[in-house]
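Chemist:
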Amino acid sequence: MQHRVERATLFVETCRPALGHTVLEPPIRSERDHSLANRHQPEKEIQMSRGYFPRFGYSSLLLTLALSVPGVLSGVLLADPAAARAGLSSLPPDAKCSISAALGRDQRAYHAERQGETWRLDNARHGLRADFTAERVEVQSGAARFELRLTGFGRGTRVEATPEANANRIEYRRGGLTEWYANGPLGLEQGFTLDRPPARVTGEALLLALRLSGGVTATPDPQGDGVTFETHWGSTVLRYRGLVAWDAEGRALPAWWQVAGTEVRLRVDDHSARYPVVIDPFFQQAKLTASDAADRDRFGGDMAVSGDTIVVGAHGDGADGDNFYGEGSAYVFVKPPGGWGGALTESAKLTSSDAGDEEGFGDSVAVSGDTVVVVGQLLQQEPERAYVFVKPAGGWAGSLTETARFTSSSFFFTSVAVSGDTVVVGTATDDVAYLLVKPPGGWTGDLAESARLTASDGTEFGDSFGGSVAVSGDAVVVGTHGRGNNGSAYVFVKPPGGWAGALTESAKLIASDGGDPLADNFGQSVAVSGETVVVGALTLGFFGGFSGEGSAYVFVKPPGGWVGTLTESAKLTASDGRPFDRFGSSVSVSGDTVVAGNNRNQGLGVRVREAPRWLGRGAYRIRQAHRLGRGGR
């Protein structure tokens, strides 16, 4: 299983946040919402938590923290390696919190349970348990137990709490402040929603204070960019990092950490801010760094995960001057026996045996099991190469060069995917995708393509056939988003005789409403899992009345198989889409879940399939958890 993201940090995640400082007293009352009897009813769309911004007064503020333990990136979103390539590449880490909360609402295992006078949220997937009583909120992570309680927010008003339990969510209502916890497949999320800004005091920064207790201490990191929670015997439990803040207009606000004894403080200078204001810290489980890190390495430009293995690209490694690409490298991180805790350096560094200037090795990476594939963005006029690395008998360790490489006549590889013994490499400039099958003798030496995939209706320069690729089992999907800018996608099914020779598609996928010949960009992103294919349409046009919001199209394998020209089973759009949001710039699918992102407003949507197949040819508006990115939820 492989996940591809664009961050070099494995997070025990947090979502979009906000702030406060009021002295709190926590008298607790918990009530179960008996309307949950209807929670198993199928829904046409899933409403992800919007941070519960009440739309009154000054709007609201939101702080969210998420707690999780090993395996955060190997969760349920991309259970199929095919979903990885186009999957989470453009989804911010905080997006996963909202997905997790949405999915947790529909799964009884994540719901709150009454234990005498205590409400409990269990998260067996991540080894987490949280108990909620009138006196405390206690979190257990492995052998460590600790409390991280909000003790003050804003600038000093005393309020009381009224907690309630509803499905996978527990809330403490404290006047204008709601402290809430949401349980889901990706972890236990803690959040704070502040309805309106506290009264400003000249010269005083906004404060949110959290009290830590229970055998865990907080220590500021030497670089001043975070706080580490450790047990008394020095074992790292969690990290609190990545603090940024901005207001409703996207203006960055000065924000900083303070530790005073057992109190962790988040401070924000909001004197000129327009509310709502977002404060964004992260609970990290591990930070991945290169042992030889240097400026302009671009470490983390691409990232892929499969099981306990993480591969991080650094296409700028060795760059001279202002060059964007260097010789490049990739780093392999293996999950330690004790889990993804603390700061980690690589188990192995991968480079090409024939590295050259501005090769950009590491620009795209993929991993499946013990196989890693790396390509670059070669700026020299030389044939492009894809490099295959196989886990040595002694494990991923030291400096390694490829065990096999594939050299093409193309000059620009743009996408790569791997699933088991099958590798697919796309090149948008030559309108071809190369398919490699593991030879009988293994991934060694110089490789020849097993099959060359092209479109039967012909493509030409600028069509960008191969700009996106995905593979799952015997099915390969290739996107052609530049085909007259209307776009299409092609499904290739493994022939009875295997992947060999020059092959054309089994089926061509198009949008039933595709009509803008200049800018639909259908096929910008593709994903496949089993019998379901998802295709993103990046802009959905400039002309002909289209708004440029973007969309994602779901195709389900017909009873007769992937044959002929097919239109979508369902179309997904964002319910709060705006012009030029470019919803569908990235897509992912795993089983019954589709994730679609946009790269303009960092939007995110989740659609859960309610029946064995997507129903009808309906158009579904995805209600987003929030609009992610600068500007708030």
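Using numbering that gives the first Met the number 0, the first residue of the sequence shown is number 0, and each one after it goes up by one. Every residue, glycine too, gets a C-beta built ideally from N, C-alpha and C.
Please classify Q114 as buried or exposed, where buried requires at least 16 other C-beta atoms within 10 Å of its C-beta.
Modeler: Start at 1 with the first residue of the sequence shown, and residue 114 comes out as number 115. It is exposed - the Cβ of Q114 has fewer than 16 other Cβ atoms within 10 Å.
Chemist: Take the Cβ of V200 as the centre, count every other Cβ of all protein chains shown within 10 Å, and call the residue buried at 16 or more, exposed below.
Modeler: Here residue 200 refers to the residue found at position 201 when the sequence shown is read from its first residue. Exposed, by the Cβ-count rule.
Chemist: How many angstroms separate the CA atom of A198 from the CA atom of R264?
Modeler: Taking the sequence shown and counting its residues from 1, the one referred to as residue 198 is at position 199. Taking the sequence shown and counting its residues from 1, the one referred to as residue 264 is at position 265. Distance between the alpha carbons of A198 and R264: 19 Å.
Chemist: Apart from the five residues on each side of it in sequence, which residues of its chain come closer than 6 Å, Cβ to Cβ, to T409?
Modeler: Translated into positions along the sequence shown, residue 409 becomes position 410. At residue 409 the sequence reads Ser, which differs from the Thr that was named. So the list reads E383, T426 and D429, once near-sequence residues are dropped.
Chemist: Distance check for G202 and G306, CA to CA, integer angstroms please.
Modeler: By 1-based counting over the sequence shown, the position of residue 306 is 307. By 1-based counting over the sequence shown, the position of residue 202 is 203. Looking at the two C-alpha atoms, the distance is approximately 49 Å.
Chemist: Taking Cβ positions, are V525 and V476 nearer each other than 8 Å?
Modeler: Start at 1 with the first residue of the sequence shown, and residue 525 comes out as number 526. Start at 1 with the first residue of the sequence shown, and residue 476 comes out as number 477. Closer than 8 Å, so yes.
Chemist: Does S501 pass the burial test, meaning 16 or more other C-beta atoms within 10 Å, or should it be called exposed?
Modeler: Within the sequence shown, residue 501 is the residue found at index 502, counting from 1. First, the residue type needs correcting, since residue 501 is Ala and not Ser in the sequence shown. The residue is exposed, with fewer than 16 neighbouring Cβ atoms inside 10 Å.
Chemist: Drop a sphere of 10 angstroms on the beta-carbon of G583, count the other beta-carbons inside from all chains shown, and report buried for 16 or more, exposed for fewer.
Modeler: Counted from its first residue, the sequence shown places residue 583 at position 584. So G583 ends up on the buried side.
Chemist: Just how far apart, CA to CA, sit D473 and S467?
Modeler: One-based indexing of the sequence shown puts residue 473 at position 474. One-based indexing of the sequence shown puts residue 467 at position 468. About 17 Å.
Chemist: Would you kindly report the start and end of the unbroken beta strand (DSSP E) that includes N182?
Modeler: What you label residue 182 is simply residue 183 of the sequence shown in a count that begins at 1. Looking at the DSSP string, the run of the beta strand (DSSP E) that includes N182 is L176 to G183.
Chemist: Assign P391 to one of two classes, buried (16 or more other C-beta atoms within 10 Å of its C-beta) or exposed (fewer than that).
Modeler: Start at 1 with the first residue of the sequence shown, and residue 391 comes out as number 392. The residue is exposed, with fewer than 16 neighbouring Cβ atoms inside 10 Å.
Chemist: Write down the C-beta distance between F405 and A385 rounded to the nearest angstrom, noting that I regard them as a contact closer than 8 Å.
Modeler: Here residue 405 refers to the residue found at position 406 of the sequence shown. Here residue 385 refers to the residue found at position 386 of the sequence shown. F405 to A385, Cβ: 5 Å. Contact.
Chemist: Which of the three DSSP states, helix, strand or coil, is assigned to Y109?
Modeler: The residue labelled residue 109 in the question sits at position 110 within the sequence shown. Looking at Y109 - three-state DSSP - the assignment turns out to be helix.
Chemist: Mark A454 as exposed unless 16 or more other C-beta atoms lie within 10 angstroms of its C-beta, in which case mark it buried.
Modeler: Translated into the one-based positions of the sequence shown, residue 454 becomes position 455. Label assigned to A454: buried.
Chemist: Which of the three DSSP states is assigned to R135 in this structure?
Modeler: The residue you call residue 135 lines up with position 136 of the sequence shown. It is coil, neither helix nor strand.
Chemist: Is Y171 near L120, with beta carbons less than 8 Å apart?
Modeler: Here residue 171 refers to the residue found at position 172 when the sequence shown is read from its first residue. Here residue 120 refers to the residue found at position 121 when the sequence shown is read from its first residue. Not closer than 8 Å, so no.
Chemist: Touching or not, the region 437-457 and the region 325-333, by the rule of three or more beta carbon pairs under 8 Å?
Modeler: Too few Cβ pairs lie closer than 8 Å, so no.
Chemist: Can you round the beta-carbon distance between G465 and T400 to whole angstroms, since I take them to be within the 8 Å contact cut?
Modeler: Along the sequence shown, read from residue 1 onward, the residue named residue 465 stands at position 466. Along the sequence shown, read from residue 1 onward, the residue named residue 400 stands at position 401. G465 to T400, Cβ: 26 Å. No contact.
Chemist: Excluding sequence positions up to five away, which residues of its chain have a Cβ less than 7 Å from the Cβ of S550?
Modeler: What you label residue 550 is simply residue 551 of the sequence shown in a count that begins at 1. Around S550: A536, L539, K570, L571, T572, F582 and G583.
Chemist: Are there 16 or more other CB atoms within 10 angstroms of the CB of G497, so buried, or fewer, so exposed?
Modeler: The residue you call residue 497 lines up with position 498 of the sequence shown. Per the 10 Å Cβ criterion, exposed.
Chemist: For the beta strand (DSSP E) holding R266, just list the boundary residues, first then last.
Modeler: Mapped onto the sequence shown, residue 266 falls at position 267. E262 to V267 is the span of the beta strand (DSSP E), which, as asked, contains R266.
Chemist: Just to check my reading of the structure: N375 and F360 have Cβ atoms closer than 8 Å, yes? What is that Cβ distance to the nearest angstrom?
Modeler: To locate residue 375, count along the sequence shown from 1; it is residue 376. To locate residue 360, count along the sequence shown from 1; it is residue 361. Before going further, note that residue 375 is Gly rather than Asn in the sequence given. Correct: roughly 4 Å between the Cβ atoms.
Chemist: If you draw a straight line from the alpha carbon of R173 to that of A303, how long is it in whole angstroms?
Modeler: As a position in the sequence shown, residue 173 is number 174, starting the count at 1. As a position in the sequence shown, residue 303 is number 304, starting the count at 1. Their Cα atoms are separated by approximately 42 Å.
Chemist: Since F152 is in the beta strand (DSSP E), which residue starts that stretch and which ends it?
Modeler: The residue given as residue 152 occupies position 153 in the sequence shown. Run containing F152: A143 to G153, per the beta strand (DSSP E) assignment.
Chemist: Any heavy atom of the ligand ATP closer than 7 Å to the beta-carbon of F388?
Modeler: Of ligands this structure carries none, so the ligand ATP is not represented either.
Chemist: Would you give the residue range spanned by the beta strand (DSSP E) that D445 belongs to?
Modeler: Taking the sequence shown and counting its residues from 1, the one referred to as residue 445 is at position 446. That run of the beta strand (DSSP E) goes G444 to L446.
Chemist: Nearest to H480 by CA position, among G457, S271, K493 and Q523, is which residue?
Modeler: On the sequence shown, position 481 is the one that residue 480 refers to. Looking at the Cα atoms, Q523 is the closest of the given residues.
Chemist: By Cβ distance, which residues of its chain are closer than 8 Å to S346, with the 5 residues on each side in sequence left out?
Modeler: As a first step, residue 346 must be located in the sequence shown, where it is residue number 347. Here the set comprises V331, F332, V333, G394, W395 and A396.
Chemist: Could you check if E163 is buried or exposed, using at least 16 other CB atoms within 10 Å of its CB as the buried criterion?
Modeler: Counting from one through the sequence shown, the residue named residue 163 turns up at place 164. Flag for E163 reads buried.
Chemist: Have a look at the DSSP bridge pairing and note the partners of R128.
Modeler: Numbered from its first residue, the sequence shown carries residue 128 at position 129. According to DSSP, which records beta bridges pairwise, R128 is partnered with D121 and Q139.
Chemist: Going by DSSP in three states, G425 sits in which element: helix, strand or coil?
Modeler: By one-based count along the sequence shown, residue 425 stands at place 426. Correct three-state label for G425: strand.
Chemist: Answer yes or no: do V372 and V436 have a C-beta to C-beta separation smaller than 8 Å?
Modeler: The sequence position of residue 372 within the sequence shown is 373, counting from 1. The sequence position of residue 436 within the sequence shown is 437, counting from 1. No, they are not a contact pair.
Chemist: Mark A129 as exposed unless 16 or more other C-beta atoms lie within 10 angstroms of its C-beta, in which case mark it buried.
Modeler: The sequence position of residue 129 within the sequence shown is 130, counting from 1. Buried, by the Cβ-count rule.
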